[in-house]
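Numbering-wise (my numbering), the sequence shown opens with residue 470 and increments by one.
Note that beta-carbon positions come from the ideal geometry of N, C-alpha and C, so glycine has one too.
Quick caveat, the model's predicted, so the values are computed rather than measured.
Taking it in order: structure first as structure tokens, then the write-up.
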Amino acid sequence: MPEITNPTIAVLLPCYNEEITIGKVVRDFRTALPSATVYVYDNNSTDRTAEIAAAEGAVVRKEPRQGKGNVIRAMFEDIDADVYVMADGDDTYPADAAPAMVSKVLEGYDMVIGDRLSSTYFQENKRPFHNFGNRLVRGSINGLFGAHVTDIMTGYRAFNFTFVKTYPVLSRGFEVETEMTIHSLNNNLRLFEMPIQYRDRPEGSVSKLDTVGDGIKVMSTIFRMIREYKPLPFFGSIGLILSVIGLVLTSSVTIDFWHTGVVLRFPTLIGAVMLVIAGLLLIVSGIILDVMAKNDRKLFVIDQNRFAFLQRRHD
């Protein structure tokens, strides 16, 4: 990656009812990154979040579509910069880690992940189901993609221009961080994990997370993205199971016919043949969709190169 002189840096803070903490968060990031512009996107807050952020020197914008994914989509579409730092407005992420994250992006990484789980997350986070969910999601994704990412769901990240402009934000809520990680692994992007000192929300600040509801959304996002990004293992495994069941049932009918000379179980035979056919169709569908997924990855690389070229011309 060519060296960027005087890079423009944008700090992105999606917020919903964070009046207790947003002032400190904006001040901390302005201190840690004096040359950066801090953007606060107010997602229909009913308190003084926007007013306090503006008073602290942040650029405040409104996003009427509810949900963190919708806010990030608007941020990525609206803001142009060489480096982006994304955090939450709840004062759980340390702003003093941001300069090191920016440096890694300028070294050539597409995304830098603020890794909470390697430091203080499990001590600071008082919600055991969240801890369990993090472990479950991490194991599922790393196992599927053969990766070793420690913190799949962290909201503290830094990106380069190309990542921001080529990442298709489809999720609407908190599952967007999981989607980002899967997108990066699927497209073989350059990732760097940096341990950070996570701290729980201060007293009086209320989490917007719904442990069960958001957990279901995260798992459904993983299921959907596995189906889209890994269609051959997904459909092929289902097809193989159905085919094996059908062959076993067909074999039992064949053995009976061998001994008696008569097909004694026509319904079983018909059902078994249908299972084999369905299994083979799923396997063939998986192969076709896998080819299409590989073509999508090729197009993504072309888009990446195009945006990188445009950025070099602009600089």
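**Asked** Expressed to the nearest angstrom, what Euclidean distance is found between the alpha-carbon atoms of E525 and I756?
**Response** 54 Å
**Message:** When you compare the CB positions of P483 and V528, do they come within less than 8 Å of one another, or not?
**Reply:** no
**Prompt:** Just checking, does the segment 739–749 make contact with the segment 704–717 on the three C-beta pairs under 8 Å criterion?
**Reply:** yes
**Message:** Suppose you measure from the CA of N603 to the CA of T719; what does that come to, to the nearest Å?
**Reply:** 43 Å
**Asked** Skipping 5 residues on each side, what residues in its chain have a beta carbon closer than 7 Å to that of P476?
**Response** D551, V552 and L575
**Item:** V687 beta carbon less than 8 Å from that of T650
**Value:** no
**Prompt:** How about I691 and F703: do their beta carbons lie closer than 8 Å?
**Reply:** no
**Asked** Roughly how far, in whole angstroms, is the beta-carbon of V722 from the beta-carbon of V732, given that I think they are within contact range, below 8 Å?
**Response** 7 Å
**Request:** Give the DSSP-derived three-state secondary structure of Y698 in the structure shown.
**Result:** helix
**Request:** Just list the beta strand (DSSP E) runs in the segment 478–516, keeping only unbroken ones of 3 residues or longer that don't cross its boundaries, in chain order.
**Result:** 478–484 and 506–511
**Asked** For N656, which three-state DSSP category applies?
**Response** coil
**Request:** To the nearest angstrom, report how far apart F769 and T635 are at their CA atoms.
**Result:** 8 Å
**Message:** Going by beta-carbon coordinates alone, are S609 and P664 separated by less than 8 Å?
**Reply:** no
**CB-CB length for A522 against V509, believed under 8 Å** = 4 Å
**Asked** Buried or exposed: which applies to G642, given that a residue is buried once 16 or more other Cβ atoms fall within 10 Å of its Cβ?
**Response** buried
**Item:** Member of D565, R782 and D549 whose CA lies at the smallest distance from the CA of D497
**Value:** D565
**Asked** Closest to R659 by CA distance: which of S689, L639 and F628 is it?
**Response** F628
**Message:** Cutting at 7 Å between CB atoms, please list the residues of its own chain near E488, excluding the five before and the five after it.
**Reply:** D516, R517, T518 and I521
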